[in-house]
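**Q** Submitted below is the structure of interest, expressed as structure tokens.
Residue numbers (our numbering): 18 to 774.
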């Protein structure tokens with residue numbers, strides 16, 4: 018075969034641009050032109066990689082969809098909503114549907130690869146398409162009166178046909194998003210720019226919330242590599258446009274997979290050991306670990322979808338990953354046999370000897386590319402090709418040039434410069450955040466890009482730790498000196514420990530993102546109204562713990578008229594308070610948790626009647642009599658009265674139907690009141706271990722009787738047998754609401770290290 022014949026078969030223009038006739042005679046050439054040729058082994062490796070990627074994404078998005086669907090029904094959902102770590106629970110089904118759609122897409126492409134490979138008995142990625150025609154049976158049914166059934170069938174066929182056409186126009190090789198699409202390069206550049214912006218936003222949020230240095234460095238590193246790799250790939254492999262697109266797509270796939278799957282999995286793995294699948298929440302003690310709690314609150318804001326914008330961003334990455342994978346698949350073609358090269362003069366032509374072989378590029382897009390030419394085709398078409406070669410200079414053949422494979426040189430160059438500059442900017446901002454110095458009181462460090470102060474999520478003022486270096490009592494001036502160097506946008510929790518003279522500084526109002534405040538084993542001398550917790554200054558604060566705190570009176574800083582509306586968890590454990598001010602019933606929000614245990618209360622403060630408390634604990638006080646409102650409050654859910662010298666419960670009242678648990682462990686209760694009947698025990702559980710009541714129940718079950726208390730004893734026995742009355746004795750932190758023993762034994766210096774290990 019002569020060179021002129023080969024030129025005629027390839028239908029190339031004098032300028033070396035691949036052409037095609039309107040009759041489509043060079044379709045074979047075009048089909049074989051824009052591919053990356055790989056060996057059989059390499060094709061199998063790519064096949065396994067894409068199969069594993071689809072399987073990993075299917076598993077991740079499937080599990081995520083299931084969790085989002087079940088989440089509103091779990092106890093964990095209450096904590097997520099309380100600490101504002103996710104979207105409102107009412108929107109979780111929408112999030113679940115979005116993740117299910119992505120999982121379905123990966124399942125479809127995974128099954129298509131498997132079924133197509135099994136059907137053809139070789140590794141293949143499969144194709145999407147339908148061949149539909151109306152059967153003669155449908156026409157017979159129509160003549161026999163089944164017109165409605167046939168019309169329904171036609172509508173289904175029409176819908177599938179339109180869907181197929183839409184798919185081809187958008188996702189096929191020459192579709193709008195296809196690898197050979199007319200505007201593929203432009204759309205790819207725009208998509209990369211948009212992805213870079215979203216990924217940079219995610220990297221900034223990680224610097225703001227995630228204290229793990231290596232994880233932040235890894236994510237910033239892949240963003241910078243992605244920004245710099247596109248220009249480098251375009252420059253290094255400019256002679257091979259298909260390879261350029263494949264490499265860019267592979268890099269894009271890696272970054273999208275990291276953003277959608279890798280980062281969430283890395284965030285959630287350290288928490289797997291503390292999760293209780295039976296109760297669908299984490300271990301109770303973990304919620305009182307300062308390090309674990311703040312770290313979890315910060316990182317779960319990245320793990321769970323936190324807003325509609327966050328959902329759109331995640332879905333964009335997910336869909337982009339699917340499109341990039343399909344485009345990469347369409348670029349790969351395996352070579353079944355060796356490729357023979359025939360050279361004449363300065364021109365080279367690659368002729369593939371396999372049915373699925375692709376051409377090899379030895380220069381830029383203008384490289385001479387030849388489709389496979391079989392022996393039968395040569396024998397039948399060779400005379401016509403030779404005649405075409407002889408008459409090509411005098412005959413006019415209508416031709417249409419293929420669309421250019423890359424953007425205009427100027428536009429491409431500008432885009433590459435933007436990518437390179439953006440990578441430098443991201444790297445510089447990350448280094449700026451890492452170089453910030455941190456004070457000794459910064460117990461949980463983050464590194465936001467734009468901060469010029471020490472960025473801490475958790476500040477711990479420990480007077481015992483500072484005594485060896487400098488005397489510290491936590492006066493107002495000392496607290497001011499510590500807090501003035503802390504970034505106001507990152508601080509979430511302040512802990513004061515072992516300080517003999519605590520004066521709360523008014524600078525506390527500067528920290529608008531404060532979530533919690535704790536004082537432990539200290540003497541509170543002054544907490545004035547100028548340093549009060551308010552809704553205007555602390556709209557996100559949700560918990561306040563004062564544990565073993567000596568105070569002469571109730572702090573004015575907790576009596577603001579603008580008390581935080583989200584502060585629903587207030588716990589005093591081991592205090593010397595004897596009563597509560599009456600004004601808190603109008604200033605504190607109802608429906609929260611209030612703990613006043615291990616104190617010296619002789620009676621229940623009357624103000625509690627109007628506080629609307631849902632979770633009340635008065636464990637280990639000196640209370641001997643209980644008012645009726647403890648059990649009649651419409652908000653009451655759990656009531657902890659263990660460790661008090663209570664001999665009996667109120668007799669005549671109508672209990673709230675919202676009560677679910679009553680703790681009477683280690684009290685002196687001998688009988689049950691008449692309102693604790695079978696109907697009450699259908700909804701509630703009473704814990705009465707270590708009481709005379711339980712002693713009588715256990716004695717009665719063993720054969721002894723006590724006729725003087727038989728009516729109450731009969732109800733108690735029935736409740737015990739049904740599991741509504743428990744007689745297990747408890748002690749330590751199992752008895753109290755606040756885990757004070759765990760707090761006392763906590764080694765702060767090792768807690769965070771153990772968590773990350």
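All C-beta atoms, glycine included, are put in the ideal place defined by N, C-alpha and C.
Please report the straight-line C-alpha distance between residue 321 and residue 301, rounded to a whole angstrom.
**A** If I take the Cα positions, the gap works out to 21 Å.
**Q** DSSP puts residue 66 in a beta bridge; with which residues?
**A** Its beta-bridge partners do not exist; DSSP assigns none.
**Q** Below 8 Å on the Cβ atoms is my guess for residue 663 versus residue 641; work out the distance and round it to an integer in Å.
**A** Indeed they touch by this definition, with Cβ atoms about 6 Å apart.
**Q** Starting from residue 350, trace the alpha helix (DSSP H) in both directions and tell me its first and last residue.
**A** That residue, residue 350, is in no alpha helix (DSSP H); its beta strand (DSSP E) goes 349-351.
**Q** Hey, is the stretch 445-461 in contact with the stretch 303-317, meaning 3+ C-beta pairs nearer than 8 Å?
**A** Output reads yes: the stretch 303-317 touches the stretch 445-461.
**Q** Check whether the Cβ atoms of residue 613 and residue 643 lie closer than 8 Å to each other.
**A** No.
**Q** Considering only residues of the same chain and omitting the five flanking positions on each side of residue 588, which have a CB-CB separation below 6 Å?
**A** Once the five neighbours on either side are set aside, the close Cβ partners of residue 588 are 562, 612, 755.
**Q** Using only CA atoms, which one of 649, 637, 616, 617 lies nearest to residue 625?
**A** Comparing Cα positions, the closest option is 649.
**Q** So what does DSSP say about residue 15, is it helix, strand or coil?
**A** Here the chain comprises residues numbered 18 to 774, so residue 15 is not present and cannot be evaluated.
**Q** Considering Cα atoms alone, identify which of 674, 201, 493 is closest to residue 259.
**A** Taking only the C-alpha atoms, the option nearest residue 259 is 201.
**Q** Let me know the beta strand (DSSP E) ranges lying completely inside the stretch 561-606, each 3 residues or longer, listed in chain order.
**A** Segments of the beta strand (DSSP E) lying fully in the stretch 561-606: 586-590.
**Q** With a threshold of 16 other CB atoms inside 10 Å of the CB of residue 273, please say whether the residue is buried or exposed.
**A** Its Cβ being crowded by 16 or more others within 10 Å, residue 273 is buried.
**Q** Does the Cβ of residue 699 have 16 or more other Cβ atoms within 10 Å, making it buried, or fewer, making it exposed?
**A** It counts as exposed.
**Q** Within its chain, find whatever has a CB closer than 8 Å to the CB of residue 93; leave out the 5 residues flanking it on each side and keep chain order.
**A** These residues qualify, in order along the chain: 297, 298, 299.
**Q** Which runs of the alpha helix (DSSP H) spanning at least 4 residues fall entirely within the stretch 697-761, listed in chain order?
**A** 709-718, 727-739, all fully within the stretch 697-761.
**Q** Let me make sure I understand the geometry here. Which of 751, 251, 606 has the alpha-carbon closest to that of residue 551?
**A** Nearest of 751, 251, 606 to residue 551, Cα basis: 606.
**Q** Since residue 55 is in the beta strand (DSSP E), which residue starts that stretch and which ends it?
**A** Residue 55 -> beta strand (DSSP E) spans 53-55.
**Q** According to DSSP, is residue 119 part of a helix, a strand, or is it coil?
**A** In the structure shown, residue 119 sits in a helix (DSSP, three-state: H, G or I).
**Q** For residue 325, which three-state DSSP category applies?
**A** Of the three classes helix, strand and coil, the one that applies to residue 325 here is helix, per DSSP.
**Q** Rounding to the nearest angstrom, what Cα-Cα distance links residue 64 and residue 141 in this structure?
**A** The straight-line gap from Cα to Cα measures roughly 8 Å.
**Q** Taking the beta strand (DSSP E) that residue 614 belongs to, which residues open and close that run?
**A** First-last of the beta strand (DSSP E) with residue 614: 610-614.
**Q** Does DSSP put residue 473 in a helix, in a strand, or in coil?
**A** Strand, per DSSP.
**Q** Would you give the residue range spanned by the beta strand (DSSP E) that residue 255 belongs to?
**A** Element bounds for residue 255: n/a, residue is neither H nor E.
**Q** With a threshold of 8 Å on Cβ separation, who are the neighbours of residue 98 within its own chain once the five nearest residues in sequence on each side are excluded?
**A** Hits under 8 Å: 105, 106.
**Q** Looking at residue 524 and residue 508, is the spacing between their C-beta atoms short of 8 Å?
**A** No, these two residues do not count as a Cβ contact at 8 Å.
**Q** Determine contact between the stretch 490-497 and the stretch 469-476, defined as no fewer than three beta-carbon pairs at a distance below 8 Å.
**A** Flag = no, the stretch 490-497 and the stretch 469-476 do not touch.
**Q** Quick check on DSSP: helix, strand or coil for residue 651?
**A** Residue 651: coil per DSSP, three-state reduction.
**Q** For residue 459, does the three-state DSSP call read helix, strand or coil?
**A** Strand, per DSSP.
**Q** Return the Cβ separation of residue 278 and residue 74 in integer angstroms, given the expectation that the two are a contact with Cβ distance under 8 Å.
**A** Right, the Cβ-Cβ distance comes to about 6 Å (below 8 Å), so this counts as a contact.
**Q** Specify, as a first and last residue, the run of the alpha helix (DSSP H) that residue 318 falls within.
**A** Residues 307-320.
**Q** Could you say which of 668, 580, 618, 633 lies nearest to residue 596 if we only look at CA atoms?
**A** The shortest C-alpha separation from residue 596 is found at 618.
**Q** Pull up the distance between the alpha-carbon of residue 549 and that of residue 454, whole angstroms please.
**A** Rounded to whole angstroms, residue 549 to residue 454 spans 30 Å at the Cα level.
**Q** When you compare the CB positions of residue 206 and residue 432, do they come within less than 8 Å of one another, or not?
**A** Yes; because the gap between Cβ atoms is below 8 Å, this pair is in contact.
**Q** If you draw a straight line from the C-alpha of residue 204 to the C-alpha of residue 479, how long is it?
**A** Those two C-alpha atoms are separated by around 56 Å.
**Q** Buried or exposed for residue 161, please, with buried defined as at least 16 other CB atoms from any protein chain shown within 10 angstroms of its CB.
**A** With a pLDDT of 46 at residue 161, under the threshold of 50, the modelled position of that residue is not reliable, and the figure given next carries that caveat. With fewer than 16 other Cβ atoms within 10 Å, it is exposed.
**Q** Confirm, please, whether the CB-CB distance from residue 244 to residue 437 is below 8 Å.
**A** Cβ distance < 8 Å, so residue 437 and residue 244 count as in contact.
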